[in-house]
Amino acid sequence: MKKRFPLIFLAITAALFTLVLARSVQAQTSDVEYTRYDVEITLNEDGTLSVREIQHVSFRDSFRFAFADIPLDLVGNIENIRVSGGDTLETVSPYAPGSGPFTYSVDRGSDSVYVEWEFFATDSSDDKVFIVEYDVIDGLWVYTDINRLEWRAIAEDREGVNVQAGTVTVNLPFTLADDELDALAFGPAYSLDVQETKYGEQLVFEATEAVKDGTPFQIVVDFPPGLVPAELQAWQIAEDTADLAYTFDRIDVEMVVQEDGRLLITEQQQISVDAGVMYTGFRELNRLFTDDITIEQISEGDQTFALTEDGLETCVYCYRVDETNRSSSWVRYSETLDEVDIRDRWAGETAVEWRFPELVRGESTTFTLVYLVDGVMRLNEDGTQEIAWTVVPGYDVPVGEAQVTVQLPGRMGLEDVTIGGGTVSRGTDGEIVIVPETTVSIDEAWQIGMVLPEGATSAAKPAWQHELEAEFAAAAAFRERQARIDLAWVVGKIGMGVTAVLATIVGWYLWGSRKVREMMGNYRTTPPSDLPPGLVAYLIDKTPTAKGALASLLHLAALGLVRVNMDGN
Numbered sequence: 156m157k158k159r160f161p162l163i164f165l166a167i168t169a170a171l172f173t174l175v176l177a178r179s180v181q182a183q184t185s186d187v188e189y190t191r192y193d194v195e196i197t198l199n200e201d202g203t204l205s206v207r208e209i210q211h212v213s214f215r216d217s218f219r220f221a222f223a224d225i226p227l228d229l230v231g232n233i234e235n236i237r238v239s240g241g242d243t244l245e246t247v248s249p250y251a252p253g254s255g256p257f258t259y260s261v262d263r264g265s266d267s268v269y270v271e272w273e274f275f276a277t278d279s280s281d282d283k284v285f286i287v288e289y290d291v292i293d294g295l296w297v298y299t300d301i302n303r304l305e306w307r308a309i310a311e312d313r314e315g316v317n318v319q320a321g322t323v324t325v326n327l328p329f330t331l332a333d334d335e336l337d338a339l340a341f342g343p344a345y346s347l348d349v350q351e352t353k354y355g356e357q358l359v360f361e362a363t364e365a366v367k368d369g370t371p372f373q374i375v376v377d378f379p380p381g382l383v384p385a386e387l388q389a390w391q392i393a394e395d396t397a398d399l400a401y402t403f404d405r406i407d408v409e410m411v412v413q414e415d416g417r418l419l420i421t422e423q424q425q426i427s428v429d430a431g432v433m434y435t436g437f438r439e440l441n442r443l444f445t446d447d448i449t450i451e452q453i454s455e456g457d458q459t460f461a462l463t464e465d466g467l468e469t470c471v472y473c474y475r476v477d478e479t480n481r482s483s484s485w486v487r488y489s490e491t492l493d494e495v496d497i498r499d500r501w502a503g504e505t506a507v508e509w510r511f512p513e514l515v516r517g518e519s520t521t522f523t524l525v526y527l528v529d530g531v532m533r534l535n536e537d538g539t540q541e542i543a544w545t546v547v548p549g550y551d552v553p554v555g556e557a558q559v560t561v562q563l564p565g566r567m568g569l570e571d572v573t574i575g576g577g578t579v580s581r582g583t584d585g586e587i588v589i590v591p592e593t594t595v596s597i598d599e600a601w602q603i604g605m606v607l608p609e610g611a612t613s614a615a616k617p618a619w620q621h622e623l624e625a626e627f628a629a630a631a632a633f634r635e636r637q638a639r640i641d642l643a644w645v646v647g648k649i650g651m652g653v654t655a656v657l658a659t660i661v662g663w664y665l666w667g668s669r670k671v672r673e674m675m676g677n678y679r680t681t682p683p684s685d686l687p688p689g690l691v692a693y694l695i696d697k698t699p700t701a702k703g704a705l706a707s708l709l710h711l712a713a714l715g716l717v718r719v720n721m722d723g724n
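In the working numbering, the protein residues as written are 156 to 724.
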């Protein structure tokens with residue numbers, strides 16, 4: 156398994172003798188050197204670690220500050236930080252919290268603890284000894300068969316500074332047989348000395364060559380579990396699973412259609428780990444086109460898992476179920492788009508996660524999930540009953556093979572149902588066997604559908620179907636209202652057009668036809684002005700005429716001033 160390890164990096168900063176502003180030793184790595192770098196790690200009976208770093212530093216310039224940056228990503232916490240210093244190991248004395256020479260300060264961030272200390276400025280020939288001590292909480296790697304103390308005592312990146320000599324000492328509060336203890340180191344060539352002490356066992360890793368810059372000094376000590384209190388930590392799970400790679404070698408689903416229309420499903424997942432460490436499995440069951448999904452049992456071989464309401468970090472062979480109810484808006488008719496929108500993510504979900512002893516690279520196992528699906532049978536208008544089911548939800552890892560076997564109620568067989576979504580055949584015991592037509596790709600879902608004859612089960616119409624049909628009914632009602640509105644609009648437009656045509660005809664008859672008659676008959680149907688007709692005739696002819704007199708006589712008759720009698724002559 157691949158892991159990263161705690162990194163403790165000590166960098167020295169320097170200043171001109173008369174200045175407070177520090178300059179980094181990174182600029183001139185020849186100005187400082189580790190003559191020795193010794194780390195002592197004590198495993199306490201309560202499972203904590205006490206770390207003591209002893210650094211012998213040779214200066215060739217003026218320095219007055221030093222710091223240590225202790226990461227927190229692979230530990231529970233860092234506590235009880237202390238700093239000491241002196242010219243020799245025998246003259247080392249504790250520094251006090253504060254500012255000024257022989258003091259130190261601690262700045263705790265979200266991902267590391269920064270420790271800085273100050274001393275009198277050195278000259279070009281000074282040697283100093285610094286001791287940094289702290290306690291590590293929850294720093295052990297915990298597995299089913301071993302506990303592991305793993306520490307990078309000397310970092311590989313020291314900005315060009317070499318370590319001439321160094322040791323890493325591990326003190327254990329117990330003694331072990333040779334076959335119960337595994338210890339090794341990485342980095343420089345080293346020797347290992349294991350001795351029994353009055354407190355337990357001591358392991359001394361000693362570098363037999365200089366630790367060059369870019370080379371770490373890292374130790375690993377494995378011992379049986381249960382010797383000290385230790386629990387699997389969230390940081391370890393995150394670290395082990397960061398590079399997790401696994402494959403579903405095979406997924407087998409047995410689907411039993413019960414007399415009442417519910418489905419009893421037994422799903423087997425055969426999993427192989429290709430890289431990293433696997434601690435948990437999961438299955439997210441979307442409730443689309445179902446009313447409820449209940450987890451009945453989870454097992455690995457003969458080992459049955461126990462349901463827990465708490466987190467999975469503190470238990471093994473346990474599982475937890477998280478349920479999300481269906482939203483009221485999982486299906487909605489959109490008048491704007493004129494379509495019924497089905498939102499499968501809002502249809503609800505039953506999510507189950509289970510914890511088991513870790514699987515490492517090259518290992519495989521089979522998990523069995525049993526769950527009951529309620530309200531899955533859709534009742535069609537023609538009396539048939541229909542099931543839609545997602546066998547593989549679209550995993551982001553490869554799926555080798557997949558298969559579904561179906562057991563129907565009563566005496567029904569393959570000839571009584573219609574199945575889609577795969578290649579269908581009959582099994583040796585008469586069961587229906589469905590396999591995907593092609594290999595199930597990464598992020599690809601495999602879904603099947605099955606139509607049963609009328610009366611195949613006693614299932615009632617599920618709640619989700621009522622909700623779905625209500626939205627389709629709303630869509631039909633809206634379309635009918637819209638059609639009526641459109642029809643009324645068309646009729647109105649036609650009526651307006653007919654009215655306009657009739658008005659044009661009447662207007663033409665009343666006013667337009669008069670002008671036509673005048674032009675064709677060379678006369679006027681109305682006087683050209685309001686003057687008396689006789690006067691108009693006189694003005695036009697410039698002399699009295701018979702027609703003028705007749706016009707005046709008719710005008711007087713029109714006014715009722717005279718009566719004109721017409722006889723046959």
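Where is the CB? At the ideal position from N, CA and C, for every residue including glycine.
Note that the structure is predicted; figures quoted are calculated from it, not measured.
Residues that DSSP places opposite Arg475 in a beta bridge: The residue labelled residue 475 in the question sits at position 320 within the sequence shown. Paired residue(s): Glu508.
Can Thr560 and Val588 be called in contact, C-beta distance under 8 Å? Numbered from 1 along the sequence shown, position 405 holds the residue referred to as residue 560. Numbered from 1 along the sequence shown, position 433 holds the residue referred to as residue 588. In this structure, Val588 lies closer than 8 Å to Thr560 by Cβ.
The alpha helix (DSSP H) enclosing Arg405, as first and last residue numbers: In the sequence shown, counting from the first residue as 1, residue 405 sits at position 250. From DSSP, Arg405 is part of no alpha helix (DSSP H) but of the beta strand (DSSP E) over Ala400 to Val412.
Taking just the CA atoms, how far does Thr698 sit from Leu709? Translated into the one-based positions of the sequence shown, residue 709 becomes position 554. Translated into the one-based positions of the sequence shown, residue 698 becomes position 543. Rounded to the nearest angstrom, the two C-alpha atoms are 19 Å apart.
Beta-bridge pairing of Ile453 - partner residues as DSSP gives them: Sequence index remark: in the sequence shown, residue 453 carries index 298 (1-based). Paired residue(s): Leu524.
So, helix, strand or coil for Ala614, using DSSP? Here residue 614 refers to the residue found at position 459 of the sequence shown. Ala614: coil per DSSP, three-state reduction.
State buried or exposed for Phe360, treating a residue as buried only when at least 16 other CB atoms are found within 10 Å of its CB. Here the question's residue 360 lines up with position 205 in the sequence shown. Burial call: buried.
State buried or exposed for Leu401, treating a residue as buried only when at least 16 other CB atoms are found within 10 Å of its CB. Here the question's residue 401 lines up with position 246 in the sequence shown. According to the sequence as given, residue 401 is Tyr; it is not Leu. Result: buried.
Short of 6 Å in beta carbon distance, which residues of its chain neighbour Asn232, apart from the five on each side in sequence? Order them along the chain. For the purposes of this step, residue 232 is identified with residue 77 of the sequence shown, where counting begins at 1. Excluding residues within five positions, the ones whose Cβ falls inside 6 Å are Ile292.
From the DSSP output, which residues share a beta bridge with Asp262? Here the question's residue 262 lines up with position 107 in the sequence shown. Note: Asp262 sits in a beta bridge opposite Tyr269.
Does the contact criterion of 3 or more C-beta pairs under 8 Å hold for the segment 574-582 versus the segment 616-627? no
Beta carbon of Val486 nearer than 8 Å to that of Glu541: Position 331 of the sequence shown, counted from the start, is the residue given in the question as residue 486. Position 386 of the sequence shown, counted from the start, is the residue given in the question as residue 541. Cβ distance not < 8 Å, so Val486 and Glu541 don't count as in contact.
Those residues which DSSP pairs with Glu234 across a bridge: Here residue 234 refers to the residue found at position 79 of the sequence shown. DSSP, once it has assigned bridges, lists Asp290 as partnering Glu234.
Specify the secondary structure class of Asp193 as computed by DSSP and reduced to three states. Position 38 of the sequence shown, counted from the start, is the residue given in the question as residue 193. In the structure shown, Asp193 sits in a strand (DSSP, three-state: E or B).
Counting along the chain, where does the beta strand (DSSP E) carrying Ile209 start and finish? On the sequence shown, residue 209 is found 54 positions in, with the first residue counted as 1. Taken as a continuous stretch (DSSP letters only), the beta strand (DSSP E) holding Ile209 covers Leu204 to Phe214.
Measuring CB to CB, does Thr521 end up less than 8 Å from Thr421? Here residue 521 is taken as the residue at index 366 of the sequence shown, counted from 1. Here residue 421 is taken as the residue at index 266 of the sequence shown, counted from 1. Against a cut-off of 8 Å, the Cβ pair of Thr421 and Thr521 comes out as no contact.
Go ahead and label Val661 buried or exposed: buried means 16 or more other beta carbons lie within 10 angstroms of its beta carbon, across all protein chains shown. Translated into the one-based positions of the sequence shown, residue 661 becomes position 506. Exposed, since its Cβ has fewer than 16 Cβ neighbours within 10 Å.
Counting only runs of 3+ residues fully inside the segment 519-591, write out the beta strand (DSSP E) ranges in chain order. 519-529, 540-547, 554-562, 573-575, 578-581 and 587-590
So, at 6 Å on beta carbons, what are the nonlocal neighbours of Thr203 in its own chain, with the 5 sequence-adjacent residues on each side left out? For this step, residue 203 is matched to residue 48 along the sequence shown. Asp290 and Ile292.
Have a look at Val691, Leu714, Leu711 and Ala713 and flag the residue whose alpha-carbon is nearest the alpha-carbon of Gly703. In the sequence shown, residue 703 corresponds to position 548, counting from 1. Comparing Cα-Cα distances from Gly703 to each of Val691, Leu714, Leu711 and Ala713, the minimum goes to Val691.
Let me check understanding here. Comparing Cα to Cα, which of Ser260, Ser254 and Leu642 lies closest to Val287? Start at 1 with the first residue of the sequence shown, and residue 287 comes out as number 132. Out of Ser260, Ser254 and Leu642, Ser260 has the C-alpha closest to the C-alpha of Val287.
Where the beta strand (DSSP E) containing Leu358 begins and where it ends: Here residue 358 refers to the residue found at position 203 of the sequence shown. Glu356 to Ala362 is the extent of the beta strand (DSSP E) around Leu358.
From the DSSP output, which residues share a beta bridge with Leu339? In the sequence shown, counting from the first residue as 1, residue 339 sits at position 184. Answer is Val375, bridged to Leu339.
List the whole-angstrom C-beta distance separating Arg516 from Ala430, where the pair is believed to meet the contact cut-off of C-beta under 8 Å. Counting from 1 along the sequence shown, the entry for residue 516 is found at position 361. Counting from 1 along the sequence shown, the entry for residue 430 is found at position 275. About 5 Å separates the two Cβ atoms, so the contact holds.
Whole-Å CB distance - Gln562 paired with Val408, under 8 Å assumed: Residue 562 sits at position 407 when you count from the first residue of the sequence shown. Residue 408 sits at position 253 when you count from the first residue of the sequence shown. Not really, about 12 Å apart at Cβ, beyond 8 Å.
Straight-line Cα distance separating Thr370 from Gly342: Counting from one through the sequence shown, the residue named residue 342 turns up at place 187. Counting from one through the sequence shown, the residue named residue 370 turns up at place 215. Cα-Cα distance, rounded: 6 Å.
Pairwise C-alpha distance: Asp348 and Glu245: The residue labelled residue 245 in the question sits at position 90 within the sequence shown. The residue labelled residue 348 in the question sits at position 193 within the sequence shown. Their Cα atoms are separated by approximately 25 Å.
Rounded to the nearest angstrom, what separates Ala713 and Leu686 at their Cα positions? Counting from one through the sequence shown, the residue named residue 713 turns up at place 558. Counting from one through the sequence shown, the residue named residue 686 turns up at place 531. Roughly 14 Å between the two C-alpha positions.
How long is the line joining the alpha carbons of Ala502 and Val495, rounded to whole angstroms? Counting from 1 along the sequence shown, the entry for residue 502 is found at position 347. Counting from 1 along the sequence shown, the entry for residue 495 is found at position 340. Each residue's alpha carbon lies about 14 Å from the other.
What is the DSSP secondary structure of Arg498, counted as helix, strand or coil? For the purposes of this step, residue 498 is identified with residue 343 of the sequence shown, where counting begins at 1. If DSSP states are grouped into helix, strand and coil, Arg498 belongs with coil.
Please report the distance separating the alpha-carbon of Pro249 from that of Arg237. For the purposes of this step, residue 249 is taken as the residue at position 94 of the sequence shown. For the purposes of this step, residue 237 is taken as the residue at position 82 of the sequence shown. Between Pro249 and Arg237, the C-alpha separation is close to 8 Å.
Please list the terminal residues of the continuous beta strand (DSSP E) segment that includes Ile726. Residue 726 lies beyond the range of the chain shown here (156 to 724); nothing can be said about it.
Pop quiz: Asn317 and Ala365 are said to be a contact at Cβ under 8 Å. What is the actual Cβ separation, rounded to whole angstroms? On the sequence shown, residue 317 is found 162 positions in, with the first residue counted as 1. On the sequence shown, residue 365 is found 210 positions in, with the first residue counted as 1. Indeed they touch by this definition, with Cβ atoms about 6 Å apart.
Could you pull the start and end residues of the alpha helix (DSSP H) that Ile392 belongs to? Walking along the sequence shown from the start, residue 392 turns up at place 237. Ala389 to Thr396 is the extent of the alpha helix (DSSP H) around Ile392.
Taking CB distances under 8 Å as the criterion, tell me whether Ile640 reaches chain D. Although the question refers to chain D, the structure presented lacks it and comprises just one protein chain.
In terms of residue numbering, what span does the beta strand (DSSP E) encompassing Leu708 cover? Locating residue 708 in the sequence shown gives position 553, counting from the first residue. Note, Leu708: premise wrong, no beta strand (DSSP E); alpha helix (DSSP H) at Ala701 to Leu714.
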